[in-house]
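K.L.:
Per full-length UniProt numbering, the very first residue in the sequence shown carries number 1; after that it's consecutive.
From the three backbone atoms N, C-alpha and C, an ideal C-beta is built for every residue, glycine too.
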Amino acid sequence: MQTILLVFPGFQLLDLSGPAAVFGAAAEGLGRGSDVVAVSRRGGAVLSSCGVAVATQPLPAVETADTLLVVGGDGPGLSALMEDRQTGDWFRAIAGTARRHGSICTGAFVLAAWGLTAGKRVATHWNSAERLSHGFPETTVDADSMFVEDGALWTSAGVTAGIDMALAMVERDHGPRLANGIARRLVLSVRRPGNQSQYSPLLRAQAKAAGRYTDLVGYIAGNLDRKLDVEALCARVGETPRSFHRNFREATGKTPAAFVTAARLDRARSLLAEGAQVKTAAAACGFSSPEHFTKSFSGAFGLSPAAWRSLNATASAPPRR
Numbered sequence: 001m002q003t004i005l006l007v008f009p010g011f012q013l014l015d016l017s018g019p020a021a022v023f024g025a026a027a028e029g030l031g032r033g034s035d036v037v038a039v040s041r042r043g044g045a046v047l048s049s050c051g052v053a054v055a056t057q058p059l060p061a062v063e064t065a066d067t068l069l070v071v072g073g074d075g076p077g078l079s080a081l082m083e084d085r086q087t088g089d090w091f092r093a094i095a096g097t098a099r100r101h102g103s104i105c106t107g108a109f110v111l112a113a114w115g116l117t118a119g120k121r122v123a124t125h126w127n128s129a130e131r132l133s134h135g136f137p138e139t140t141v142d143a144d145s146m147f148v149e150d151g152a153l154w155t156s157a158g159v160t161a162g163i164d165m166a167l168a169m170v171e172r173d174h175g176p177r178l179a180n181g182i183a184r185r186l187v188l189s190v191r192r193p194g195n196q197s198q199y200s201p202l203l204r205a206q207a208k209a210a211g212r213y214t215d216l217v218g219y220i221a222g223n224l225d226r227k228l229d230v231e232a233l234c235a236r237v238g239e240t241p242r243s244f245h246r247n248f249r250e251a252t253g254k255t256p257a258a259f260v261t262a263a264r265l266d267r268a269r270s271l272l273a274e275g276a277q278v279k280t281a282a283a284a285c286g287f288s289s290p291e292h293f294t295k296s297f298s299g300a301f302g303l304s305p306a307a308w309r310s311l312n313a314t315a316s317a318p319p320r321r
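#1: Got a sec? Which residues, its chain only, sit under 7 Å from residue 138 by beta carbon, not counting five neighbours each side?
#2: Looking at the structure shown, is residue 142 part of a helix, part of a strand, or coil, going by DSSP?
#3: Have a look at residue 6 and residue 70 and give me their C-alpha separation to the nearest angstrom.
#4: Examine the Cβ distances between the region 91–105 and the region 156–169 and report whether three or more of them are shorter than 8 Å.
#5: Kindly list the residues whose CB is nearer than 8 Å to the CB of residue 182, restricted to its own chain and excluding five residues on each side of it in sequence; keep chain order.
#6: Run through the DSSP bridge pairs and tell me what residue 103 is partnered with.
#7: At a cut of 8 Å, does the region 33–42 reach the region 6–17 through at least three beta carbon pairs?
#8: Give every residue of the same chain whose Cβ lies closer than 7 Å to the Cβ of residue 35, excluding the five residues on either side of it in the sequence, and list them in chain order.
#9: Where does residue 16 fall in DSSP's three states?
#10: In its own chain, which residues sit with a C-beta less than 8 Å from the C-beta of residue 245, not counting the 5 before and 5 after it?
#11: Can you find a C-beta in chain B that's less than 8 Å from the C-beta of residue 298?
#12: Name the residue from 213, 219 and 178 whose alpha carbon lies nearest to the alpha carbon of residue 249.
#13: Measure how close the beta-carbons of residue 150 and residue 121 come, nearest whole angstrom, since I'm counting them as under 8 Å.
#14: With distances taken Cα to Cα, identify the nearest neighbour of residue 337 among 86, 277 and 281.
#15: Going by alpha carbons, who is nearest to residue 311 out of 133, 270 and 222?
#16: Take the Cβ of residue 127 as the centre, count every other Cβ of all protein chains shown within 10 Å, and call the residue buried at 16 or more, exposed below.
#17: Pick from 99, 252, 286 and 110: whose alpha carbon is nearest that of residue 345?
#18: Which partner residues does residue 291 have in the DSSP bridge list?
#19: Measuring straight from C-alpha to C-alpha, what distance separates residue 66 and residue 33?
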């Protein structure tokens, strides 16, 4: 079954090449020839934002699809596609019979402009989420998730998140063995579920703190196995607990306690993907017990540490010889 990727002048190359590599590897693993097709309104070579041109088929060459996606990008090409009624009519017609349709990164703007996201929940690049929400208030924008599935509509966050979404589609259609094998082949250290945050709490805090708590954030990251209560953190920055709580939240978007928990979970997730046992990860990240760790982890990510380890440690393990 064909996978169709719609591109436009100035598109983000990785939005195309990442998912295309996943779908192409899936076809090969199933003993079929590649069934991935790039299309554009008129066909021919289309220039990406980085200057690489990609050969495409014209719209009339495609009448059916199993999976239909529009890639992301920015600039005049994206704006022109949003206003392109002919391509919008073609996309809606194909989407009506496809197993699934959707977008990668800012391709969500195109779907919204074509009326395909009203009443739906969608993902897009975190840096564009507010703009999408304001421009299309009838669409619920998930600014944090890697990708979102809402019925037949699949949408992903920026760039590499399209690879994660493509792997999830392969797993849905053909099972985890094939999807995990593709992840190994693409040398992916971690397969990220849709509900994983687009960015780590440490990076987010460092970006927001603008220097005020940069050193403290670094200290937290390097000492997650230690006691990191408000009193200990206050002592490092020379502030009273009340002032510190207020100032830290204003600077990072999280209370000190919430931030420390998020940082612990973020590190634990990486350790589990590297093959660490649940008990080991819990201790290394400062949780009082494996049970406390499991409760916190499941609440944050929607699956247990053991399930996360099973999924991602398998995906990142070297293939057997």
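P.N.:
If we stick to the structure as given:
#1: 118 and 119
#2: strand
#3: Looking at the two C-alpha atoms, the distance is approximately 5 Å.
#4: yes
#5: 22, 25, 26, 29, 167 and 170
#6: 70 and 155
#7: Yes, they touch.
#8: Only residues of its own chain outside the window of five on either side were considered, and among them 1, 2, 3 and 27 have a CB closer than 7 Å to the CB of residue 35, listed in chain order.
#9: Here residue 16 sits in helix by DSSP.
#10: For residue 245, where only same-chain residues beyond five positions count, the Cβ hits under 8 Å are 230, 255 and 256.
#11: You won't find chain B in this structure, because it holds only one protein chain.
#12: Out of 213, 219 and 178, 213 has the C-alpha closest to the C-alpha of residue 249.
#13: 5 Å
#14: Here the chain comprises residues numbered 1 to 321, so residue 337 is not present and cannot be evaluated.
#15: 270
#16: Counting Cβ neighbours within 10 Å, residue 127 comes out exposed, since fewer than 16 surround it.
#17: Past the boundaries of the shown model lies residue 345; the chain is included only from 1 to 321, so the question cannot be answered.
#18: DSSP, once it has assigned bridges, lists no residue as partnering residue 291.
#19: Residue 66 and residue 33: Cα-Cα distance of roughly 15 Å.
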